[in-house]
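What follows is one structure encoded as structure tokens, with my remarks underneath.
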Amino acid sequence: MCFLQQKSTQCKILRSTDQLTAAVDVGEGDAMLEIRLGTCSLTNVLINAGAFVLAIKKDPHMATHVSERFAETDRFKVLD
14 MCFLQQKSTQ
24 CKILRSTDQL
34 TAAVDVGEGD
44 AMLEIRLGTC
54 SLTNVLINAG
64 AFVLAIKKDP
74 HMATHVSERF
84 AETDRFKVLD
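Numbering of the sequence shown is given in my numbering, commencing with residue 14 and proceeding in unit increments.
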């Protein structure tokens, strides 16, 4: 499991999906924990790289929204 902790690192990495997957070495079958989802751009990149994303979202309305957004994949689960 990988943790991205520094916001400045996240901002730099998110400019390119290739940079993100290379920087955290994300690939098929990896498990990722994402806390405090924002726009889900990171979530989308991780899922497309083949990872399973377990997300924690405190706002129940947003938890429902992101669950619906990724309803087509079995690589995403949100806890609220």
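Beta carbons: idealized from backbone N, C-alpha and C, even for Gly.
- For Ala64, the first and last residue of its enclosing beta strand (DSSP E): The sequence position of residue 64 within the sequence shown is 51, counting from 1. Premise fails: Ala64 is in no beta strand (DSSP E) and is neither H nor E.
- Query: Looking at the structure shown, is Leu59 part of a helix, part of a strand, or coil, going by DSSP?
  - Reply: Within the sequence shown, the letter at position 46 stands for residue 59. The answer is helix: DSSP assigns Leu59 an H, G or I state.
request  = Quick one: grab the DSSP three-state call for Val79.
outcome  = In the sequence shown, the residue the question calls residue 79 occupies position 66. Correct three-state label for Val79: helix.
Item checked: Nearest candidate by alpha-carbon position, reference Asp93, set Asp38, Glu47, Gly40 -> One-based indexing of the sequence shown puts residue 93 at position 80. Considering only alpha carbons, the answer is Glu47.
Given a threshold of 16 other Cβ atoms within 10 Å of its Cβ, counted over all protein chains shown, does Ala44 qualify as buried or as exposed? Taking the first residue of the sequence shown as 1, we reach residue 44 at position 31. Ala44 is exposed by the Cβ-count criterion.
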